[in-house]
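*Asks:* With full-length UniProt numbering, letter number 145 in the sequence shown gets 145, and the count goes up by one each step, no holes. Positions of the beta carbon are idealized from the N, C-alpha and C atoms, including for glycine.
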Amino acid sequence: MASPFKEKITAQLNAMPERDRRALFIMVVAVTLTVVYMLIWEPIMQWSEESRKEYQSNMDTLAFIQANEQAARQSTSQGGQQVSRDKLSAVVTGAARQQGIKLSRVQPSNEGVTVWMDKVAYQKLLAWVINLHNQYHFSIDKIRIDAQDEAGMVRAYLSITM
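#1: According to the Cβ coordinates, are Thr161 and Gly112 closer than 8 Å?
#2: Determine the burial state of Trp47: buried for a count of at least 16 other Cβ atoms within 10 Å of its Cβ, exposed for fewer.
#3: Per DSSP, Leu158 forms a beta bridge with which residues?
#4: For a quick check, are the C-beta atoms of Val92 and Val115 less than 8 Å apart?
#5: Note the first and the last residue of the continuous beta strand (DSSP E) segment covering Pro108.
#6: Give me the Cα-Cα distance between Ala96 and Lys142, rounded to the nearest whole angstrom.
#7: Going by DSSP, name the residue or residues bridged to Ala121.
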């Protein structure tokens with residue numbers, strides 16, 4: 001049993017001239033193909049192209065890493081001094097003393113060491129941080145630097161880890 005809607009549409013199509021029915025059929029096929037292209041094919045092709053570019057980028061990165069692996073391993077084994085976690089405070093304090101920096105407070109923690117400086121020359125602080133990174137491979141996780149009234153002098157707080 002056909003629905004009244006389907007019967008009405010069928011009756012209207014049969015009442016149309018042959019040429020109009022053919023044009024309507026062509027138009028329905030064109031709209032259907034356009035919708036399929038825009039909603040299915042084009043998004044799939046865009047995803048495919050993005051995936052291909054990401055894959056190529058990852059392959060380039062892998063090739064770079066493989067090409068430079070040996071040099072990186074050599075620079076890691078040759079450069080810097082290795083420091084145990086329990087001697088981190090002593091190394092940080094000693095490096096500060098060598099740079100002529102007076103540490104106001106040193107507080108060891110599980111992650112590293114936190115230091116405070118009340119009045120230090122900015123250039124000395126910068127040289128000290130660079131030395132800690134280059135010579136001992138320490139990282140600065142947090143840093144806060146406040147300007148002092150005296151030109152070039154700062155107050156600093158640093159959280160240092162290995």
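*Replies:* Working from what's here:
#1: yes
#2: exposed
#3: Val115 and Ile143
#4: yes
#5: Arg105 to Pro108
#6: 17 Å
#7: Met153
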